[in-house]
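The structure under discussion appears below in the form of structure tokens.
There are 2 protein chains.
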Amino acid sequence: MSYDNEAYELHPVELADRLRKLPEDEAAEELLAYDLEYSGEALEALDPWQAAAILQKFDSDLQADLLRHMSSDDSVDLLQELPRRQRRSVLNLFDELTRKRFKGLLKYPKDTAGGAMSLEVISLPESMKVGKAIEELRKKQKQLEEINYVYVTDDEGKMAGVLPLRNIAFRDPGVYLHDVMKKDVKTVYPEFDREKVARIFDKYDYLALPVVDHAGRLLGVITVDDVIDILRQENTEDMLEMVGISGAAEESIWTPWRVSIKHRLPWLAVNLGTALLAAVVVGLFAETISRFAVLAVFMPVIAGQGGNSGSQTVAILVRGIALGEIGRAQSRRALLKESSLGLIHGLAIGFIVACIGYAWTGSIKMGMIVGVSMVLSTVVAGIAGVVIPLGLKRVGCDPALSATIWMTTVTDVAGFFFLLGLGAWLLT
Amino acid sequence: MSYDNEAYELHPVELADRLRKLPEDEAAEELLAYDLEYSGEALEALDPWQAAAILQKFDSDLQADLLRHMSSDDSVDLLQELPRRQRRSVLNLFDELTRKRFKGLLKYPKDTAGGAMSLEVISLPESMKVGKAIEELRKKQKQLEEINYVYVTDDEGKMAGVLPLRNIAFRDPGVYLHDVMKKDVKTVYPEFDREKVARIFDKYDYLALPVVDHAGRLLGVITVDDVIDILRQENTEDMLEMVGISGAAEESIWTPWRVSIKHRLPWLAVNLGTALLAAVVVGLFAETISRFAVLAVFMPVIAGQGGNSGSQTVAILVRGIALGEIGRAQSRRALLKESSLGLIHGLAIGFIVACIGYAWTGSIKMGMIVGVSMVLSTVVAGIAGVVIPLGLKRVGCDPALSATIWMTTVTDVAGFFFLLGLGAWLLT
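Going line by line, the protein sequences match chains A and B. Okay, so the first sequence: first residue is 1496 according to our numbering, each after it adds one. Okay, so the second sequence: first residue is 1496 according to our numbering, each after it adds one.
Now the structure itself:
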């Protein structure tokens, strides 16, 4: 909800900024200094887990009061973060209808349209006249602060059209809503993926998108400010998942330590497992290395280039998938382009590395070994960088999920195998 | 501009989707099948470089006609992508006033509020009455499709307040705009960073933000759909820059090959330089390696963990800086947290690695060497992961700019130095 009370100097979102940096006890105490509407607004501006941590300092009555002053989508996000028992106590304090609505919203996963929509929406029957509609809307003046569109329903309660509030005033009061509404309205079902919802807003420049059930009845609405939140969260999630930070959309330096460890350590352990694979490959050639230790000198060069060019490809793919630009139809194009770029980059860098290898050791063979293994590594990196994100998506994982860890495993293993294998073959 | 012509089956943004996948010649030909307004709308939906590539297939007259049917911010983005000579010819075809306006807009860099704003804005004097204002607005019915707020100016033409279109209809027609407008309007100057503009929208849930000159006169407006574009571009840029793809905000699998190579190869070359640093460190210990080749086996494990835990920290920092959560004041907190997490993760992973090292070689010394160098590496990774993005920002670079390349250099060099140095010291 938007808040224009000038009793307080701070805008509630600025209060939220301050609360974010305080320990939960102090934040809770500070919040008590403001009225419920203002406090609710500040809680809305916090991440749900932060708001929940503060809310837990209060008793159920105050919790329920605060939630009543928040918009329905934010209250539900917050309820989801509360411990199960507290959630139940709070829900029991609501009246029958509100409890039912909240329970309805709670069943939609957070990453769906249903999980992102709010129930604050106005609908009017299509048989109403414009003049009467303006009269009705005037009664809801307060709600209007938040609303840009009025939805129009037919006799059976199904979505029939939409009317932008901004031009309803310029219509003839005597005509029926049916005759002035825009009939071709895009809607989504509640189980629709919220990242795709964000892409629809991006593409069509919408301010709001109604959510309907499968019978076509209006359930709620997703507004553009929700979409900005979704984009922020999804982008953070992708960036963090790529390097193996998972489990929470939004880790930051404010995240408690134990939570950070829980997000990161498991993937470091996975990375250890995969690094041991590379170690085994190196171990296979231990004898070659002890005779030609200079091979070990080039290990970081080969692994570094393979890892880096593979990371470039992974980033392009993860981003392209997130923006809906790369689907199955584009995967061949991506594979062709990225593996060819790997070849071109490998030839360019490999030539330099071969010269350095020759200069370092005085052996043409050594120059060839490092040059050729560089080319092969970057080609493999291009392929792995495409296959891994697309593969993760295919098996139903997030394409970003530790894509970098999987990719560097492939490039390390392949790179060391090429370098040490060629060395063992050509030098002995 | 929003377009509701039902003469064509496709929505213009869907036409844009199709054009995006065609060679420029065919895309240009396809575009000619539609009227100017529709084609302009499709061009707006393309990336500016794609739209410019298509536009170059037409003569200046048609170019000018199409640009006239686009909103001012999109036309300027497109003009910026045209070769200088073509841009001049097109500008000469506009009338004096339009040319002056475009030239004014062209001087703002793309990443500023001025570069993102459009000129399509309605302002009315505060001495006007609501009834008269509605009458004025009714004349601009077409423009209203795009507009949610009317700005109110004082006698000197300075911004005095704002009036949401959605509730102007519910006001008494006899009162002055001065008495119903909201006076406390947030504005930005045209040189304001566009990423910060996006954060203001995110924080306050705005739909539009006026841009004013330093005398307070209204220049233009940034709308929430522009902000969604800004967020998409900035997020893509950050994700790609992190792995060393720079120079273009939005590389994708559709980017021409030579452009992709230009974005990526320079950073691969930098990476080669930095990888050679690591190679030099390994070279220093070539003799130790030839005696204890098993040390080479653990090189990928130490480098892999250091690189991975450092990447986690870099991602947290880059994202935190982008969201405006981490400034100078938070850098100590970040450094403390991330280096401590490095220590904790290092102890956990190091213990396992020490056991593996012992099991692999049967030497307690070897177990200690790999365990200790693991701990030291992840601590260094935590420090480097904080210092590099903050350092890049301090010297005026984008904090994401190849942060991963710099960070892995540090972790590789440090990791190999610890592992091989300890090995040389303890084993010989």
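Each residue gets a CB set at the ideal place from its N, CA and C atoms; glycine is no exception.
If we define contact as Cβ-Cβ less than 7 Å, is residue i a contact residue for chain C?
| i | result |
| --- | --- |
| residue 1660/A | This model lacks chain C altogether, as its protein chains are A and B. |
Identify the contact partners of residue i in chain B, using a Cβ-Cβ distance below 7 Å as the criterion.
| i | result |
| --- | --- |
| residue 1521/A | Within 7 Å Cβ-Cβ: nothing; residue 1521/A doesn't reach chain B, min ~17 Å. |
| residue 1781/A | 1788, 1789, 1792 |
| residue 1774/A | 1792, 1793, 1795, 1796 |
What does residue i touch in chain B if you count any residue whose Cβ is under 9 Å from its own?
| i | result |
| --- | --- |
| residue 1911/A | 1795 |
| residue 1829/A | 1748 |
| residue 1752/A | 1832, 1835, 1836, 1839 |
| residue 1903/A | 1799, 1802, 1803 |
How big is the Cα-Cα spacing for residue i and residue j?
| i | j | result |
| --- | --- | --- |
| residue 1588/A | residue 1574/A | 13 Å |
| residue 1895/A | residue 1807/A | 13 Å |
| residue 1730/B | residue 1732/A | 12 Å |
| residue 1837/A | residue 1874/A | 4 Å |
| residue 1786/A | residue 1867/A | 21 Å |
| residue 1519/A | residue 1577/A | 14 Å |
| residue 1703/B | residue 1585/A | 37 Å |
| residue 1891/A | residue 1816/B | 31 Å |
| residue 1721/A | residue 1597/B | 33 Å |
| residue 1911/B | residue 1855/B | 19 Å |
| residue 1699/B | residue 1532/A | 16 Å |
| residue 1790/A | residue 1914/A | 7 Å |
| residue 1825/B | residue 1752/A | 16 Å |
| residue 1881/B | residue 1862/B | 29 Å |
| residue 1872/A | residue 1683/A | 45 Å |
| residue 1723/A | residue 1696/A | 10 Å |
| residue 1497/B | residue 1665/B | Residue placement at residue 1497/B cannot be trusted, given a pLDDT of 43 that sits under 50; what the coordinates show is reported in the next sentence. If you take the alpha carbons of residue 1497/B and residue 1665/B, they lie about 25 Å apart. |
| residue 1783/A | residue 1782/B | 14 Å |
| residue 1623/B | residue 1884/B | 52 Å |
| residue 1713/A | residue 1611/A | 15 Å |
| residue 1750/B | residue 1756/B | 10 Å |
| residue 1500/A | residue 1898/B | In this prediction, residue 1500/A has a pLDDT of 48, which is less than 50 and means its spatial position is unreliable; nothing more can be read from the coordinates. |
| residue 1630/B | residue 1726/B | 37 Å |
| residue 1814/A | residue 1777/B | 36 Å |
| residue 1801/B | residue 1900/B | 13 Å |
| residue 1554/A | residue 1510/B | 55 Å |
Based on the DSSP secondary-structure assignment, which residues constitute the bridge partners of residue i?
| i | result |
| --- | --- |
| residue 1618/B | 1646/B |
| residue 1658/A | 1645/A |
| residue 1607/B | 1688/B |
| residue 1508/B | Paired residues: none, contrary to the question. |
| residue 1613/A | 1716/A |
In chain B, which residues lie less than 8 Å from residue i when you measure between Cβ atoms?
| i | result |
| --- | --- |
| residue 1727/A | 1697, 1726, 1818 |
| residue 1804/A | 1759, 1763 |
| residue 1919/A | None at all; the shortest Cβ gap to chain B is about 12 Å. |
| residue 1784/A | 1784, 1785, 1788, 1791 |
| residue 1810/A | 1734, 1735, 1737, 1738, 1740 |
| residue 1825/A | 1748 |
| residue 1643/A | 1643, 1661, 1702 |
| residue 1815/A | 1747, 1748 |
At 8 Å on the CB atoms, spell out the chain A contacts of residue i, in chain order.
| i | result |
| --- | --- |
| residue 1633/B | 1665 |
| residue 2000/B | Shown here, chain B extends from 1496 to 1923; a query on residue 2000/B therefore has no answer. |
| residue 1840/B | 1756, 1759, 1760, 1763 |
| residue 1900/B | 1803 |
| residue 1771/B | 1796, 1851 |
Please compile the residues from chain A whose C-beta is within a distance smaller than 7 Å of the C-beta of residue i.
| i | result |
| --- | --- |
| residue 1636/B | 1665 |
| residue 1703/B | Chain A residues near residue 1703/B: none, gap ~11 Å exceeds 7 Å. |
Three-pair Cβ contact test at 8 Å for the region 1602-1612 of chain B versus the region 1643-1653 of chain B:
no
Counting Cβ pairs, one atom from each stretch, are 3 or more of them under 8 Å apart for the region 1536-1554 of chain A and the region 1504-1521 of chain A?
yes
Contact between the region 1657-1666 of chain B and the region 1632-1647 of chain B (3+ Cβ pairs under 8 Å)
yes
Minimum length 4: unbroken alpha helix (DSSP H) runs contained in the region 1514-1588 of chain B
1519-1526, 1531-1540, 1543-1550, 1555-1563, 1567-1576, 1579-1588
I'd like the ranges of any alpha helix (DSSP H) spanning at least 4 consecutive residues and lying wholly in the region 1708-1778 of chain B.
1719-1737
May I have a chain-ordered list of the alpha helix (DSSP H) segments no shorter than 4 residues that lie completely inside the region 1780-1832 of chain B?
1781-1786, 1789-1817
Only counting runs of 4 or more residues, tell me where the alpha helix (DSSP H) segments fall wholly within the region 1846-1888 of chain B, in order along the chain.
none
Inspect the CB distances between the region 1795-1811 of chain A and the region 1764-1780 of chain B and report whether three or more fall short of 8 Å.
yes
Mind listing, in chain order, the continuous alpha helix (DSSP H) runs of no fewer than 4 residues lying wholly within the region 1884-1923 of chain B?
1898-1922
Would you call the region 1833-1847 of chain A and the region 1893-1912 of chain A in contact, with 3 or more CB pairs under 8 Å?
no
Between the region 1563-1570 of chain A and the region 1522-1536 of chain A, can you find at least three pairs of beta-carbon atoms closer than 8 Å?
yes
Validate contact between the region 1666-1678 of chain A and the region 1671-1681 of chain B using beta carbons, cut 8 Å, 3 pairs:
no
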